[in-house]
Structures are given as C-alpha cells and as structure tokens.
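See structure below.
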Amino acid sequence: MSSPQGGSRLGTRFGPYELQSVIGVGGMGEVYRAYDTARERMVAIKLLRPEMAADRNFQERFRRESRVAARLQEPHVIPVHNFGEIDGVLYIDMRLVEGSSLAGVLRHEGALQPARAVSIIRQVAAALDDAHAHGLVHRDIKPENVLLTADDFAYLVDFGIAHGGGEASVTSTGLVVGSSAYMAPERFSGERGGPASDVYSLACLLHESLTGRAPFESGDLRQVMSAHMFAPPPRPSIMRRGVSRAFDEVVAKGMAKKPSDRYASAGELARAAAAAAEQQPAAAPVAAVPPPSTRQFSSAYPSPAPYAPPPPPPRPSKRRFSTGQVALAVATIVLFTAAVVLAAVLVFSGGDNGSAPQTRLAAPAPTTTETTAPSSSEDTTTDETTTTTTSTTPTTSTSPTASGKPIKGVSGTDSQGFVGHSARCDEGSKPAAAIRTAQSLAVVCKSGDSYYYRGERLSDGASLELQNVTKSGAGYTVTNPADGTRYDVQPNQLTISSSRSVDPEPALEYGSG
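In structure tokens, the structure reads:
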C-alpha cells in the first residue's frame, strides 16, 4: 500500500476506511474525508508520515497521548473516535467537521474583526486549558489546526500528536514536531516545551487572526527561528487600522521570550484579549485635513504615531431666528464696526505726542495662523531680520513636501522617497529602491555612480544614514561601520543582521527606481 508521500491514497481503502477526498496535507501527514465501513459513519482520518511510526519513542508517546486526548470532554477539543496503526502507518480517527479551517478563512476573507478573532481565541484557549490540566501540551497550534463551523464554533485538532509535558520537543530521529511560524523560542533551542509554549503559539495565532499575517514571515527557516528567539514581538495595531493598541500588549506578553514572563494560562491570555477588544481603536479617522506634521500612510498600514486627534463634537442644530432678532443683530454689528473704525483713526493719527505709528504696534496681526504652520517652525530661519516673534510671522516648514511622481508600488512617497520622513533622498539623488515594513521605512538613493541608505524606525522616529551601499541580488546591502550591523534591502523583506540577532522585516510595500 502506498505511503502518503509515495502518492495519493485518494479512492483507496485504508483498513476499514474508504478514503473519499483529501481535506488537508501538512508536515505530519494527510487528512482524508473517509467512510468508516465498520461503524457506518463519515469521519476525518489523519495518516501520519511513515517515519513517525519508525520512531519507537514517538510511537509510544503517540499512543499514550492519543488515549488521553480521547478522554478529553471539553467541547472545543475535536472528539477522537479511534487511533492506532495499520500497515505501518499511524492514524487518528476524528469527528468530521463540516466547515473550514481558520487558515482557510484567513486565506479567503483576510484578517478578522477583533471581536471575531477574540471569540475564536477564547474557544481555543478553553481547549488548551483543559488539555494542560490533563498533562497534555499540544505543541502545534496553528490556523490549520483550528476548525470552524458555519457559526464559528471552533474545534482544536491534532491532539493525537500532542506532547506530554515531560517529553522532549524532537523525536529520536531529530524530527521537530510543530510549525516554525508559531513555535516558542525555547523549542528552537531544544528545551522541553510546556503549557507556556502553547500560550506563545496562541499569541501568534491571535496576531495572525487580527492582521492576516503570521508574526514573522520569511521564506528562510533560519530567519524565522532567529526572529522568534531574538526579535521583539510585532505590533498588530501597526499592521491594521482599527486594531486597538491594547492588543500590542497582549501579543507582547504572550510572545515573551522567557516562558515565565508570559500569561500563566491560555485562558488568561484570552481574557486579556477580550479586554483589549472592548477598547476603542488607537486612531479614529477624521474628516478634516491633517496638519502637515501628520504622516501620510496607506490605509492598510498606518503609522503608530502620531495619532490623529479625536473627531470634533457634533455641531449643534441650526436655530431659526425671528425677523426682529436678525434686525437687532445687524444693528449691533454696524455699531461695533463704526467703533472699530473710530478707534483705528485715533490710533494711527499719531496724537499730540508725535510718536511714530510703528511703535504703537506690538506685532503684526497673527493672520498667518490659517496656514497651519507645523510646530517645527521654530527651527526655520529666514533672510529677513524682524523684531516680531516666530509664533506670529509666516514660516516655512522644514518637513519635506510631496513633489514629483510617487515611487511605483509604495504609498506615501514622492520622487525623492517617503513624504514627511527622513527616509528620502536629497535633491540631485533619486531613489533606487524603497521599502516599507511594519517596523521601518528605508530608501536606497543613487547619487552619480554611488548609493547611500537612509532608514527610519517607525516606533520612535530614529533615523540612520549609511554610505557605500552595494548591489546584492535583486536589492542592496550596506554595513554600519560603527557596529557592524548589516542592512539588506530585498523586494520581499528588509533584514537587519547584527552579532546578536538577525531581524527579518517582511516587506509590506517595495518599489525600485
């Protein structure tokens, strides 16, 4: 009989099971929709890879933990009907759920609304808390292992390959069990995973549910491992407008590098997420045009700061005035205007003391306030010498303004780079590449035959300029001579490598000149 890797079993018979269709394929094996001829019912059956059965330690653990999983009564744990081995292949017989996996929902619908994401996380957390109470660690929490019915009732599956709390994270043949995109840092270093490892993975699941993206995305497994072990947890509020900044704190604590710094249980994380969902989004859109100092970003990936002011209070409803009231108001305005004119004549006539008219004016009228000059105007200098204060004279903002065509494929740019940011080229240079990530903005500028790099960290606005950029593949690379940190700009990501860590930042937008 063919193995899962030797060809599809579709349409064949596996023991008493008629394999009718493929539900999913993963690193551990294949899941089929099958008809159980012995019990005359439809089931979902997972066939594990042959090397799993070849590992005697894993096989013993599989049987022991499957037996425990079958006894779990928590409603959000997928019921296990049977398990065992047929023709050298380990299998798990589970309830067939008509619906889709969370992975399928995210793939077709995109990121979930916070309330819906939290509802699913709470159900998965309930399943995990029950498993942990019985000594089981799931160790493979991911969207593919969360099944959803039409009304979003969630089931957590694959407890049959769950891992007892005292067992190692790898098989005796060196096979790591779990998905690297959601794996806790301690498991990459070979430590034994416990309930805290599942809490970490649940925080990763929350991040992806809110943003539609895994926390650290990269095609390189080493970079993913390094990011989980060394990079700071991502901030979902940056990735998607409408996600409260309170979720940043939930994800940060759930994905803490040290297990002891995480939530004490999956349920505690779920409760914190529910509290975050009740808070208002960090930035509410306003109808008014933002001031020049406000950063302009695409709606898909807003900057975390500065945040727009709250919308103005609603205007009171218009009142209708009587004819008498209107006449009285007009008369009042006429009298006031006459008084102002008379006062002006007296002021500018010079009086009997012969004083110059200019000395009677403290400062020009602050009519320039309509230009909404940014606060940075205090640093702006002019060629004129004046005795008036900068708060009342027209000033020119030092913030760059949009000019020329934007860089193709990158929002918030003009012909020199990112508008309102330090990541832009000088006049006379032109952008060779520009990249936006959730954490950074960067531009590679061409000046004659040489290139230079300018980057900005979005969290605090810190900027960096480096010379001697060289081409590298489809992108560019440069090394900071001060500390040896290397910055590699490629179409798919910005990678920052130091002696302590490698931090990949997946590209949200990329464009080249």
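Its first residue numbered 97, the sequence shown is counted upward by one per residue in the numbering used here.
For every residue, glycine included, the Cβ atom is placed at its ideal position computed from N, Cα and C.
- The count of Cβ pairs closer than 8 Å, one atom from the region 154-164 and one from the region 127-136, stays below three, leaving the stretches out of contact.
- Between the region 343-357 and the region 318-334, the count of Cβ pairs shorter than 8 Å is three or higher; the stretches touch.
- Across the structure, isoleucine 119 and methionine 321 are spaced so that their CA atoms are roughly 29 Å apart.
- Bridge pairing for glutamate 601: Leu590 [DSSP].
- Counting every other CB atom within 10 Å of its CB across the protein chains shown gives lysine 142 a total of 16 or more, marking it as buried.
- Under the rule that a run must span 3 or more residues, the beta strand (DSSP E) segments found entirely inside the region 129-212 read 137-144, 176-182, 185-191.
- Straight-line measurement puts the Cα of glycine 195 at about 14 Å from the Cα of glutamate 205.
- Residue Ser559 holds the alpha-carbon nearest to the alpha-carbon of glycine 551 among Asp545, Ser559, Gly544.
- The three-state secondary structure of glycine 571, taken from DSSP, is strand.
- One Cα belongs to glycine 125, the other to glycine 508, and the distance between them is close to 45 Å.
- Sorting Ser356, Ala529, Asn564 by C-alpha distance to the C-alpha of alanine 280 places Ser356 at the top.
- Judged by DSSP secondary structure, isoleucine 334 falls within the alpha helix (DSSP H) whose first and last residues are 332-335.
- Looking from the CA of glutamate 523, the closest CA among Ala534, Cys541, Arg532 belongs to Cys541.
- Residue environment for lysine 238: buried (at least 16 other C-beta atoms within 10 angstroms of its C-beta).
- Annotated three-state conformation of leucine 106 is coil, per DSSP.
- Of the residues assessed, glutamine 535 falls on the buried side of the cut-off, its CB having 16 or more other CB atoms within 10 angstroms.
- Classified as exposed, leucine 106 has fewer than 16 neighbouring CB atoms from the shown chains inside 10 Å of its CB.
- Fully enclosed beta strand (DSSP E) runs of no fewer than 3 residues are not present anywhere in the region 291-335.
- When C-alpha distances from glutamine 586 are compared across Ala130, Arg553, Thr245, Arg532, the shortest belongs to Arg532.
- Ranking Ser305, Asp584, Glu147 by CA distance to the CA of glutamine 319 puts Asp584 first.
- Spanning the alpha carbons of glutamate 313 and leucine 301 requires a straight line of approximately 13 Å.
- The shortest CA-to-CA distance from serine 340 to any of Ser543, Arg203, Val214 is the one to Val214.
- In the three-state DSSP reduction, glycine 125 falls in the strand class (E or B).
- By the Cβ criterion, the region 231-250 is in contact with the region 287-304, since at least three pairs of Cβ atoms, one from each stretch, lie closer than 8 Å.
- Judged by their CB atoms, methionine 190 and valine 176 are nearer to each other than the 8 Å cut-off.
- Taking all protein chains in view, the Cβ of asparagine 564 is surrounded by fewer than 16 other Cβ atoms within 10 Å, so the residue is classified as exposed.
- Contact check for alanine 207 against threonine 307 passes: the beta carbons are separated by less than 8 Å.
- The C-alpha of threonine 575 lies about 40 Å from the C-alpha of leucine 365.
- Counting only the Cα atoms, alanine 327 lies some 22 Å from alanine 360.
- When C-alpha distances from alanine 250 are compared across Ala221, Leu537, Tyr547, Leu554, the shortest belongs to Ala221.
- From the listed residues Lys567, Val539, Asp556, Arg553, the smallest Cα separation to aspartate 545 is found for Lys567.
- Under the DSSP definition of a beta bridge, phenylalanine 284 lacks any partner.
- Taking all protein chains in view, the Cβ of serine 117 is surrounded by fewer than 16 other Cβ atoms within 10 Å, so the residue is classified as exposed.
- The shortest C-alpha to C-alpha distance from threonine 245 to any of Leu554, Ile174, His230 is the one to Ile174.
- Take histidine 517, set aside five residues on each side of it, and the residues of its chain with a beta-carbon closer than 6 Å to its own are Leu537, Glu552, in chain order.
- Rounded to the nearest angstrom, the gap between the Cα atoms of valine 539 and glycine 338 is 28 Å.
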